[in-house]
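Below: one structure, written as structure tokens.
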Amino acid sequence: MPAKKGQASGSTATTSKKRKLDPNAQKYYAVRTGKRPGVYLTWNECQAQTAGYRGAQYKSFLSRSDAQAFVEGRNPSTASDGSQEVRYYAVAVGRDPGIYTNWEAASVAITGWKGPKYKRFDTRKDAIEFIRTHGNEAAQKVLREQEGQEIGPPAKKSKTSSPEAEPNIQCIYTDGSARGNGRAGAVAGVGVYFGAGDPRNISEPLEGEIQTNQRAELTAMLRAVEGVSIDQPIRIYSDSKYSISCVTDWYRNWEKNNWRTKEGPVKNKDLIEAIRTKIEERNAAGTKTLFQWVKGHANDVGNVAADALAVSGAIRK
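Its first residue numbered 1, the sequence shown is counted upward by one per residue in the numbering used here.
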């Protein structure tokens, strides 16, 4: 007997419902904000990236495409029940104005800023309207860049070291922080800043027993290179001349001398070699990996943000 009109759609809905209730169905765990954003196949992997991470955002999905959409900040077609709702934090006046999807990043944008204006919203539309109404020129410029539309007069050029003549190069700011550096009981943190509200931003404790500022700085560089595809040209900004010299100059003599100096074995060899391996892989693919020193604590927006992320990471140790 032919199916009645509308019967097929009802059957499809039933099938879809059964799939959602199937305990054996593959789930995809999307981490939008965490130690390392991305899509994971097990809850344990997801938990490892979010446990203890303030402002973590994550959801489970039944399709990889929906999970990836969530990671990228787009609206997935379906989400699992009981997952965290997205909140939008609008920073109209602050160190780094813009719209954020986690308090961790938003707090970095306002900490230490005199007279900040910010507010949490349930929708991106309301967050945009708040910045349109209360934002200064810097905020209006950021919003134009984020939304791709004209909303006000051009803003004055903000203080930054990012070169405008290199539109295809991803600029990344890295920094390390160590409370009690060089003393017993020191704790260090890693900060990597891709941009305002970027889910790739990193704020995490330094791994390992040796907790020094130098290891934190080098680890931040390694995380930065790991956070982009092999074909994406990058320029890494750091206020650590030591770290930049390690991976662009000094390593040559160290390799010739079997990683030894007059004082003994080269410190932080493991991190330096790991970064050099990534650079050489990118060189083989014809991809630029550039480094540029920036003066620390000099109101450079990217450097200040990376420093705040690093400090926050050390606090969570």
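Using N, Cα and C, we set each Cβ at its ideal position, and we do this for glycine too.
Enclosing beta strand (DSSP E) for residue i [first to last residue]
| i | result |
| --- | --- |
| S60 | Q57 to F61 |
| V247 | Element bounds for V247: n/a, residue is neither H nor E. |
| D96 | Unbroken run through D96: none, as it is neither H nor E. |
Euclidean distance between Cα positions of residue i and residue j
| i | j | result |
| --- | --- | --- |
| D239 | N303 | 8 Å |
| E164 | R276 | Interpretation of E164 is limited by its pLDDT of 42, a score under 50 that renders its predicted location unreliable; the figure taken from the coordinates is listed afterwards. If you take the alpha carbons of E164 and R276, they lie about 27 Å apart. |
| Y28 | S63 | 6 Å |
| W103 | T42 | 26 Å |
| A67 | A305 | 28 Å |
| G180 | R316 | 15 Å |
| V294 | Y237 | 6 Å |
| Y251 | F194 | 26 Å |
| P153 | A51 | Per-residue confidence for P153 stands at a pLDDT of 35, beneath the threshold of 50, marking its modelled position as unreliable; no derived number is given. |
Which listed residue (the options) has its alpha carbon closest to that of residue i
| i | options | result |
| --- | --- | --- |
| E273 | K117, M221, V187 and Y88 | M221 |
| D319 | E104, N258 and V108 | An answer regarding residue 319 cannot be provided, because it is not within the stretch 1 to 317 covered by the chain. |
| V311 | E280, V31 and V187 | V187 |
| V247 | V228, V31, K262 and E217 | E217 |
| A196 | A30, L309 and E204 | L309 |
| A48 | S60, Q57, V39 and K35 | K35 |
| G176 | F121, N201 and L206 | L206 |
| G227 | P199, S245 and E280 | P199 |
| T289 | Q232, Q26 and G182 | Q232 |
| C171 | V192, D270, E263 and K117 | V192 |
| L271 | T219, Y118, A139 and T133 | T219 |
Helix, strand or coil at residue i according to DSSP, with G and I counted as helix
| i | result |
| --- | --- |
| Q149 | With a pLDDT of 35 at Q149, under the threshold of 50, the predicted position of this residue should be treated as unreliable, though the coordinate-derived value follows. Q149: coil per DSSP, three-state reduction. |
| W293 | strand |
| A138 | helix |
| D307 | helix |
| V301 | helix |
| R179 | strand |
Distance between beta carbons of residue j and residue i, contact taken as under 8 Å
| i | j | result |
| --- | --- | --- |
| A127 | I169 | 29 Å between Cβ atoms; not a contact. |
| G313 | V190 | 5 Å |
| V71 | P37 | 6 Å |
| Q214 | Y242 | 6 Å |
| A30 | V39 | 5 Å |
Residue range of the alpha helix (DSSP H) that includes residue i
| i | result |
| --- | --- |
| K278 | K269 to A284 |
Residue-level contact to chain C via CB, residue i, 8 Å cutoff
| i | result |
| --- | --- |
| T261 | The structure shown contains no chain C, having only a single protein chain. |
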